[in-house]
Amino acid sequence: MSAPEPGSTLPEGNIPSFYLQSLLPPHATASPASKSDLKPPYSYIGLISMAILSNPERKMLLSQIYNWIAMEYPYFR
Numbered sequence: 539m540s541a542p543e544p545g546s547t548l549p550e551g552n553i554p555s556f557y558l559q560s561l562l563p564p565h566a567t568a569s570p571a572s573k574s575d576l577k578p579p580y581s582y583i584g585l586i587s588m589a590i591l592s593n594p595e596r597k598m599l600l601s602q603i604y605n606w607i608a609m610e611y612p613y614f615r
């Protein structure tokens with residue numbers, strides 16, 4: 539698996555890149571096209587983890603997790 543290129547769709551913030559890469563299924567890459575209306579290459583637990591880790595307090599309400607996912611990935615809107 540290759541490292542994400544600049545401008546990739548991996549969420550920014552305090553989430554270590556090695557962790558984000560571990561959330562991808564085998565042979566998947568985070569490409570600029572993955573932020574379109576296509577389903578992101580992450581599992582639901584991966585999306586939930588990214589949402590929670592994006593919060594400095596490392597905790598979120600379910601509604602906040604849902605909103606974060608919908609804002610980051612249009613597929614879920």
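In this note's numbering, each number is its position in the sequence shown, counted from 1, plus 538.
For every residue, glycine included, the Cβ atom is placed at its ideal position computed from N, Cα and C.
What you are looking at is a predicted structure, and each value in this text was computed from that prediction instead of being measured.
Residue i, buried or exposed, once every other Cβ within 10 Å from all chains shown has been counted against 16
i    : result
P578 : buried
M609 : exposed
Y582 : exposed
Extent of the continuous alpha helix (DSSP H) run through residue i
i    : result
M598 : M598 -> no alpha helix (DSSP H), and no H or E assigned at all.
L591 : Y582 to S592
Three-state secondary structure assigned by DSSP to residue i
i    : result
P612 : helix
Residues near residue i by beta carbon distance below 6 Å, same chain, minus five either side
i    : result
P612 : D575
L585 : I607
Beta-carbon proximity list for residue i, same chain, < 8 Å, skipping 5 on both sides
i    : result
R596 : I590
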